[in-house]
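Numbering (this note's numbering), first residue to last: 2 to 382.
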């Protein structure tokens, strides 16, 4: 679920001019409201506030509201939930959700780059639309600006207000992602922690990247400007390929730029870099959805349910699930199996060292401009 490192600009998604107004069903209200005096026992991770007391002080209220939403969802649109995302939900994810909430059915589609345009087109044609909307701040630009995100107050369900500061308040944060340098330890013992260091002659012929992963350089652009970012991309001795991981595993290209690493090969490792571009990913309710209580239910369950997160952190079936929202207590991440922890540790290392630059609602347009420029630079190589 959700994108890996991939380019998706607002301009490329403006396939329909119709905005979204009106709704087809009422967004459910909370059965129980979080006490206003509840506050995070906070640790700051870049722009994200970690609430170590989430499961003791917030979760009882949120869990009660999940149960209330479940009752509403069963009575709405025949208990059907429609989820369109970058990748369709796995059968194991659907099973985990419907085991917790029996009687609901889930219909899912994976649309990758066409996600936003499919949602906008469904509105225009009147076809059954997705109940859930999701993505990063930059990838949802068109959907957000055209009004497809229901104005849900997630704090009323028990979500800490401190979690709703990076994106707009109707964007429910559920995961984090970003680029990493993947490398083959049988060929290179370590990799540099700056992009400029890869310009050294010793890396000639050793670097690969998928052409759609140009967004990995946008953090560098945020730090040093678009012109320096474009020059960096031009000068890097990169091999562009549709299958960089096969070259990495075989050692032909011992370092690959891109997203997280899910390969269990013990010879492979990951490392963050300075000016790491990181982004939170969000879920929300589509104003044109038919089962909005189910959308709220799934979004909250998928992001924060402790049993589901434990399964994701420990069960190999869920190795490719995204790293959960870093505002959750550290115990969520402590239980991760070694393969999952490899990516998470690299992300948190970058955040802890101050290397990570986050996409936010405030810098969204600047990031979108950098994404477009980075992709053009890659296409020109």
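Note that CB positions come from ideal geometry on N, CA and C, so glycine has one too.
Less than 8 Å between the C-beta atoms of residue i and residue j, yes or no?
i, j, result
"residue 258", "residue 182", "yes"
"residue 275", "residue 361", "no"
"residue 167", "residue 28", "no"
"residue 410", "residue 348", "Here the chain covers residues 2 to 382 and nothing more, so residue 410 does not appear."
"residue 151", "residue 288", "yes"
"residue 280", "residue 379", "no"
"residue 62", "residue 33", "yes"
"residue 121", "residue 131", "no"
"residue 285", "residue 300", "yes"
"residue 215", "residue 336", "no"
"residue 241", "residue 264", "no"
"residue 118", "residue 141", "no"
"residue 302", "residue 67", "yes"
"residue 106", "residue 89", "no"
"residue 87", "residue 328", "no"
What does DSSP give as the partner residues of residue i in its beta bridges?
i, result
"residue 367", "Residue 367 pairs with nothing; no bridge assigned."
"residue 86", "111"
"residue 136", "283"
"residue 97", "For residue 97, which the question treats as bridged, DSSP gives no partner whatsoever."
"residue 174", "283"
"residue 45", "50"
"residue 325", "176"
"residue 272", "182"
"residue 358", "278"
"residue 259", "181"
"residue 144", "None, per the DSSP bridge assignment."
"residue 223", "Answer is none; residue 223 lacks a bridge partner."
"residue 106", "81"
"residue 210", "241 and 258"
For the putative contact between residue i and residue j, defined by C-beta atoms under 8 Å, what is the C-beta separation to the nearest angstrom?
i, j, result
"residue 157", "residue 30", "7 Å"
"residue 345", "residue 175", "That belief does not hold up - the Cβ atoms of residue 345 and residue 175 are roughly 15 Å apart, past 8 Å."
"residue 35", "residue 159", "4 Å"
"residue 112", "residue 85", "6 Å"
"residue 64", "residue 179", "With 8 Å as the limit, residue 64 and residue 179 do not qualify as a contact, their Cβ atoms being about 30 Å apart."
"residue 177", "residue 326", "6 Å"
Excluding the 5 residues preceding and the 5 following residue i in the sequence, name in chain order all residues of the same chain whose CB lies nearer than 7 Å to its CB.
i, result
"residue 42", "52, 53 and 54"
"residue 312", "97 and 319"
"residue 162", "156"
"residue 192", "182, 184, 256 and 272"
"residue 40", "none"
"residue 212", "241 and 379"
"residue 200", "236 and 237"
Can you give me the Cβ contacts of residue i inside the same chain, cut-off strictly under 8 Å, excluding the 5 residues immediately before and after it?
i, result
"residue 227", "370, 371 and 374"
"residue 269", "183, 184, 185, 186, 249, 250 and 262"
"residue 153", "28, 171, 173, 285, 286 and 297"
"residue 307", "56, 60 and 333"
"residue 197", "233"
"residue 144", "14, 117, 120, 121, 134, 136 and 150"
Leaving aside the five residues before and after residue i along the sequence, list all residues of the same chain whose C-beta is less than 6 Å from its C-beta, in chain order.
i, result
"residue 24", "The predicted model places residue 24 with a pLDDT of 40, which falls under 50 and marks its position as unreliable, so this point remains unresolved."
"residue 102", "71"
"residue 338", "315"
"residue 22", "Legend: pLDDT at residue 22 = 42, less than 50; position of this residue unreliable, value from coordinates given subsequently. The answer is none, since no qualifying residue turns up."
"residue 220", "276, 277, 278 and 358"
"residue 69", "32"
"residue 230", "218, 221 and 222"
"residue 366", "none"
"residue 73", "29 and 294"
"residue 99", "105"
"residue 95", "107"
Within 7 Å: the Cβ of residue i and any heavy atom of the ligand ZN?
i, result
"residue 168", "By its list of ligands, the structure shown contains no ligand whatsoever, and the ligand ZN lies outside what it can speak to."
With three or more beta-carbon pairs closer than 8 Å as the criterion, would you say the region 70-82 touches the region 286-298? yes
Should the region 200-208 be called in touch with the region 237-244, which here means at least 3 C-beta pairs below 8 Å? yes
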